[in-house]
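Report on one structure; see the data block that follows.
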Amino acid sequence: MPDRIINSELWQFLTKIIFPAFITTSITIAMDLKNNVSKVSWLTASMSVIIGVGGAYLSGNLIMENLKGGQIPIAVSVVTLLTEKTFKFFLHKFKVDLFLTAICDSILGILGNLIKGKK
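Residues 107 to 225 in the numbering used here are what the sequence shown spells out, letter by letter.
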């Protein structure tokens with residue numbers, strides 16, 4: 107019996123928290139790409155997904171305890187948007203994007219040189 111309870115809670119958490127958060131971040135990334143609001147790289151897109159879904163994950167239990175069934179996905183989407191947009195504001199305000207992109211590009215260049223072998 108405990109296995110069914112755990113599976114049921116996991117299924118509810120995935121369908122009510124993680125899935126709406128992932129869909130919300132995907133839509134905001136697609137809208138940014140369409141409107142050319144900012145430079146969208148693979149780093150900013152992956153960080154948006156991680157931050158958006160992470161914010162929904164952290165607030166998921168609080169939302170599930172205080173809201174009813176149909177309101178949960180909407181509240182999760184709002185929390186996801188708020189966390190992602192706040193993150194993007196700080197990312198562009200402090201130019202963290204350029205710094206992280208330079209670090210990731212240099213790490214990938216070093217790994218590429220190691221794999222190919224220097225001549």
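All residues carry an ideal CB built from backbone N, CA and C; glycine is no exception.
C-beta atoms of residue i and residue j nearer than 7 Å
i, j, result
"residue 158", "residue 192", "no"
"residue 116", "residue 206", "no"
"residue 184", "residue 127", "no"
"residue 147", "residue 190", "no"
"residue 186", "residue 162", "yes"
Per-residue DSSP class, three states only, for residue i
i, result
"residue 147", "coil"
"residue 219", "helix"
"residue 173", "coil"
"residue 142", "coil"
"residue 125", "helix"
Limits of the unbroken alpha helix (DSSP H) element including residue i
i, result
"residue 120", "Per DSSP, residue 120 belongs to no alpha helix (DSSP H) and is neither H nor E."
"residue 200", "First-last for residue 200: undefined, no H or E at that position."
Would you call the stretch 112 to 126 and the stretch 149 to 166 touching, i.e. three or more CB-CB distances under 8 Å?
Yes, the stretch 112 to 126 is in contact with the stretch 149 to 166.
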